[in-house]
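One structure is given below, encoded as structure tokens.
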Amino acid sequence: MLELWPSISIDYTEIQENKKKLNEIVNGTFSVLIIENFYDVNLCNTIIQRINSKTKNHDNMTKIGISLVSYANRKKDYFIQANIIRKTLRDIFFGIQDPRKKIHDLLGEFFPNKEISIAVEKGKKYACGIIRLHGLEDSASLHRDNVSYEAKNFNVSKFPIQLSTVLYIQQSEKGGELVLYRKPWEKSDERYRNIEFGYKREVVANSTQHVKIKPSQGDLVIINPNYYHEILPVKGSKRRITLGLFLAFSKYGKKIVTWS
Ligand SMILES: O=C(O)CCC(=O)C(=O)O
Numbered sequence: 013m014l015e016l017w018p019s020i021s022i023d024y025t026e027i028q029e030n031k032k033k034l035n036e037i038v039n040g041t042f043s044v045l046i047i048e049n050f051y052d053v054n055l056c057n058t059i060i061q062r063i064n065s066k067t068k069n070h071d072n073m074t075k076i077g078i079s080l081v082s083y084a085n086r087k088k089d090y091f092i093q094a095n096i097i098r099k100t101l102r103d104i105f106f107g108i109q110d111p112r113k114k115i116h117d118l119l120g121e122f123f124p125n126k127e128i129s130i131a132v133e134k135g136k137k138y139a140c141g142i143i144r145l146h147g148l149e150d151s152a153s154l155h156r157d158n159v160s161y162e163a164k165n166f167n168v169s170k171f172p173i174q175l176s177t178v179l180y181i182q183q184s185e186k187g188g189e190l191v192l193y194r195k196p197w198e199k200s201d202e203r204y205r206n207i208e209f210g211y212k213r214e215v216v217a218n219s220t221q222h223v224k225i226k227p228s229q230g231d232l233v234i235i236n237p238n239y240y241h242e243i244l245p246v247k248g249s250k251r252r253i254t255l256g257l258f259l260a261f262s263k264y265g266k267k268i269v270t271w272s
């Protein structure tokens, strides 16, 4: 039977006392750090309205933004698309507190001795933030995110520690839970890889712990995405809308870089 892999929940106002907790996410002692009330619910609703008007006639749209691993072998295109999408995202956050900036500021509180910035390579800026839209019955099958293995030709792959931040802009009425397994990716898991996306369930067969969470609108979660995770099918009429941003760093290095 699977045991519970403990998670940590704190309120946004309690960051100072909990600065060390992020290490527990990096090393897998805890599954996820949930920062409740991170982003104002009214601002989430403004963003939702803007997203709804942008996606009104595009029912099949699953994201606004780009993800680096989809461009792993198309580096030039990645940077071109990153600049195009930058304008769209700026429009969505125009005139309100930019949640990506707020995530950068939060990282500054967790790591006061490091410099935090969007990753840049040979003068080219990486994409910053991907909005994921999960409609009725949409899910994300079992996967892990590891740019060090998946995108070796990008400089961000050189950092040993990678984390993922996810802001819940809108939560689904039912379903849409995030499930994490206490099983980090290893090379031999590649035999379980699906052709299209993700991994076969056998890959977590020996994992003894997992956690299932359903954060609220405005909450930010931080996970170590090298541990397998999945999103269960969304139920009900409301879409699950999140903003994702990766970050990477080394223990003693000065820099933290972000991208999507
Ligand atoms: O949306 C979530 O809860 C998790 C996102 C996710 O699966 C990912 O960033 O790989």
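Counting from 1 along the sequence shown, just add 12 to a position and that's the residue number in the numbering used here.
Beta carbons are placed, not taken as given, at the ideal position from N, Cα and C, and that holds for glycine.
Model, not experiment: these values are computed from the prediction.
Proximity of the segment 180–187 to the segment 210–228 meets the contact definition, three or more beta-carbon pairs being nearer than 8 angstroms. DSSP, read as helix, strand or coil, puts Glu-198 in coil.
Separation of Asn-165 and Val-81 (C-alpha to C-alpha, rounded to the nearest whole angstrom) is 11 angstroms. Taking 7 angstroms as the cut-off, one finds no heavy atom of ligand 1 near enough to the beta carbon of Arg-205. Contact between Trp-271 and Asn-238 is absent: CB atoms are separated by about 16 angstroms, not below the 8 angstroms threshold. Taking Pro-111 as reference, the option from Ala-84, Thr-74, Asn-49 with the minimal CA-CA separation is Asn-49. Here Ile-130 is not near Ile-253, since their CB atoms are 8 angstroms or more apart. A distance criterion of 7 angstroms places the beta-carbon of Pro-124 beyond contact range of ligand 1, judged by its closest non-hydrogen atom. Counting along the chain, Thr-100 sits inside the alpha helix (DSSP H) bounded by residues 87–104. At a Cβ-Cβ threshold of 8 angstroms, Tyr-193 and His-241 count as neighbours. Residue ranges of uninterrupted beta strand (DSSP E) with 3 or more members, entirely inside the segment 113–143 and ordered along the chain, are 127–130. When the beta-carbon positions are compared, Gln-174 and Leu-16 stay at least 8 angstroms from each other. Taking a cut-off of 8 angstroms for Cβ pairs, the segment 92–106 and the segment 32–44 do not touch, as fewer than three such pairs fall below it.
Taking a cut-off of 8 angstroms for Cβ pairs, the segment 249–263 and the segment 139–153 touch, as three or more such pairs fall below it.
When DSSP reads this structure, Thr-41 sits in no beta bridge, so it has no partner. Its chain contains Ile-20, Lys-33, Ile-37, Ile-234 as the residues whose beta carbon lies nearer than 6 angstroms to that of Leu-45, once the 5 sequence neighbours on both sides are disregarded; these appear in chain order.
His-222 has its Cβ no nearer than 7 angstroms to any heavy atom of ligand 1. Residue side-chain check: Ser-176 places its Cβ nearer than 7 angstroms to a non-hydrogen atom of ligand 1. Taking 7 angstroms as the cut-off, one finds at least one heavy atom of ligand 1 near enough to the beta carbon of Leu-190. Lys-114 and Ile-59 have their C-alpha atoms spaced approximately 15 angstroms apart. Proximity to Ser-184 across Leu-244, Ser-219, Tyr-90 peaks at Leu-244, based on C-alpha coordinates.
At the C-beta level, Ser-160 and Ser-169 come within 8 angstroms of one another. Contiguous alpha helix (DSSP H) elements confined to the segment 155–188 occur at 159–162, taking only those with 4 or more residues. Only residues of its own chain outside the window of five on either side were considered, and among them Leu-14, Tyr-193, Arg-194, Lys-195, Tyr-240 have a CB closer than 8 angstroms to the CB of Ser-219, listed in chain order. Selection Phe-209, Tyr-204, Glu-208 evaluated against Ala-217 yields Tyr-204 as nearest (Cα-Cα). Between Val-223 and Ser-79, the C-beta spacing is not below 8 angstroms.
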